[in-house]
Amino acid sequence: MNFIVLTIFPEMFNPFWEHGIIKRAIDRSKILASAVDIRDFAEGRHRITDDRPYGGGCGMIMKPEPLAGAIRAAIKKTPLSKRILLTPQGRRFDQSVARELASSDGVILVCGRYEGVDERICHDFIDDEISIGDYVLTGGELAAMVIIDAVTRLIPGVLGGKDSAEKDSFSESVLEHAQYTRPSTFEGIDVPEVLLSGNHQEIEKWRLETSLIRTFLKRRDLLENRCLSLREIEILKKWCHDIEKIVYDQSIHGPDALSGG
Ligand code: ADE
984 MNFIVLTIFP EMFNPFWEHG IIKRAIDRSK ILASAVDIRD FAEGRHRITD
1034 DRPYGGGCGM IMKPEPLAGA IRAAIKKTPL SKRILLTPQG RRFDQSVARE
1084 LASSDGVILV CGRYEGVDER ICHDFIDDEI SIGDYVLTGG ELAAMVIIDA
1134 VTRLIPGVLG GKDSAEKDSF SESVLEHAQY TRPSTFEGID VPEVLLSGNH
1184 QEIEKWRLET SLIRTFLKRR DLLENRCLSL REIEILKKWC HDIEKIVYDQ
1234 SIHGPDALSG G
C-alpha cells in the first residue's frame, strides 16, 4: 500500500511517520509513505502555489499548474493509485471508506489549502473527494493523517493481534465492549466478576451484551441500521422484558412503592 501526500507543508508529516503503528508499518514495509512538497512543482523565484480568485471574492485559491505537476509526478510513481482530494465538500470518510481504500493499491492524497483548489484540478486530476467531517480545517493535512492512520491499521499484518482490527468498534457496526486491565480494584471500583472467572463462554456473552448496551446508549443509529443476529435479538428481547417489568411494577404500585411510603 503506497500513500503519497501532496502538500505545501510536508514537514508536518515527519513526526507522523515516526511514531507508533505507522512507524512500525513503514519499518516492516507494510506501507510506503511519503509527503511531497507541491512547491517543488511551482514556477518562478517565489514558487507561488496560490492566487486570487477570478471574479473577485476573499481568500486565495491553489493554482492549477503546481498541483497538476505534483499529481502527474505521483501518478508516474504509482500509476494504479487513486487520486483523492481532501475537502469538506467530499463524501464522508468512515470505516467502510477506510476498508475500501485499504484494499486498493495506493492513494495519492491531495491536501487543499486556502479557499480551495482550481476547479480544473478537481475535474481532470481527481478520482474522489473525501471529507473527514462537517467542519472546516485550515487544510487537508490533518485529514490525510486521519485517513492514513485508519487505513493503515486495516492492512493485514499491521496490528499485533490476528483479529484486532476485525473486532474493533464499527467493524461490525456495533461499538466495542467495555475493557478493563489491572488492578482488579481501582479507587474502590471492581472489575466485573465475570471477567476474572476464566469462563470464556460467559465472558463472550457479557462482552456481546455490553457491546449492544453501549451501542444502544451512545449510537442508536448504528443499531437501527444493523442486521441483528438471532443471539442479539434474544439479548434485546430480554432487556425489553426486564424494562417492561420495571415500568409495569412501578406504574401499578407507584413510585413510592420501593421506599414503602
Ligand atoms: N480540508 C478542510 N476541511 C476538511 C475536512 N473537513 N475534511 C477533509 N479535508 C478538509
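Position in the sequence shown (first residue = 1) + 983 = my numbering. Backbone N, C-alpha and C define an ideal beta-carbon position, used for all residues, glycine too.
Item                                                                                                 : Value
Glycine 1042: CB within 7 Å of a non-hydrogen atom of the ligand ADE                                 : no
Where isoleucine 1113 falls, given that 16 or more other Cβ within 10 Å makes a residue buried       : buried
Buried or exposed by the 16-neighbour rule on C-beta atoms within 10 Å, applied to isoleucine 991    : buried
Three-pair Cβ contact test at 8 Å for the region 1032-1042 versus the region 1004-1015               : no
Same chain only: Cβ atoms within 7 Å of lysine 1221, ignoring 5 sequence neighbours per side         : none
Same chain, Cβ closer than 8 Å to isoleucine 1019, five either side skipped, listed in chain order   : Going by the sequence as given, residue 1019 is valine instead of isoleucine. Taken in chain order, the residues that qualify are Ile987, Val988, Leu989, Thr990, Pro993, Ala1053, Ala1056 and Ala1057.
Beta-carbon proximity of leucine 1050 to valine 1093, cut-off 8 Å                                    : yes
Helix, strand or coil at threonine 990 according to DSSP, with G and I counted as helix              : strand
Counterpart residues of glycine 1122 in DSSP-defined beta bridges                                    : Arg1096
Bridge-paired residues (DSSP) for serine 1159                                                        : At residue 1159 the sequence reads glutamate, which differs from the serine that was named. Note: glutamate 1159 sits in no beta bridge, so no partner.
Cα-Cα separation between valine 1157 and leucine 1084, rounded to whole angstroms                    : 21 Å
Isoleucine 1186 and leucine 1178 closer than 8 Å at C-beta                                           : yes
Cβ-based burial, glutamate 1124 [other Cβ within 10 Å; buried from 16]                               : buried
Rounded Cβ spacing between isoleucine 1130 and phenylalanine 1169 (contact assumed at less than 8 Å) : The pair is not a contact, with the Cβ atoms about 35 Å apart (cut-off 8 Å).
Where serine 1194 falls, given that 16 or more other Cβ within 10 Å makes a residue buried           : buried
Backbone CA spacing between arginine 1022 and lysine 1046 [nearest angstrom]                         : 11 Å
Check: glycine 1122 C-beta below 7 Å from any heavy atom of the ligand ADE                           : yes
Per-residue DSSP class, three states only, for aspartate 1225                                        : helix
Proximity test, threonine 990 beta-carbon vs the ligand ADE heavy atom, cut-off 7 Å                  : no
CA nearest to the CA of arginine 1066, picked from Tyr1118, Asp1132 and Asp1110                      : Asp1110
Reference glutamine 1078, options Cys1105, Asp1088, Ile1115 and His1106, closest by Cα               : Ile1115
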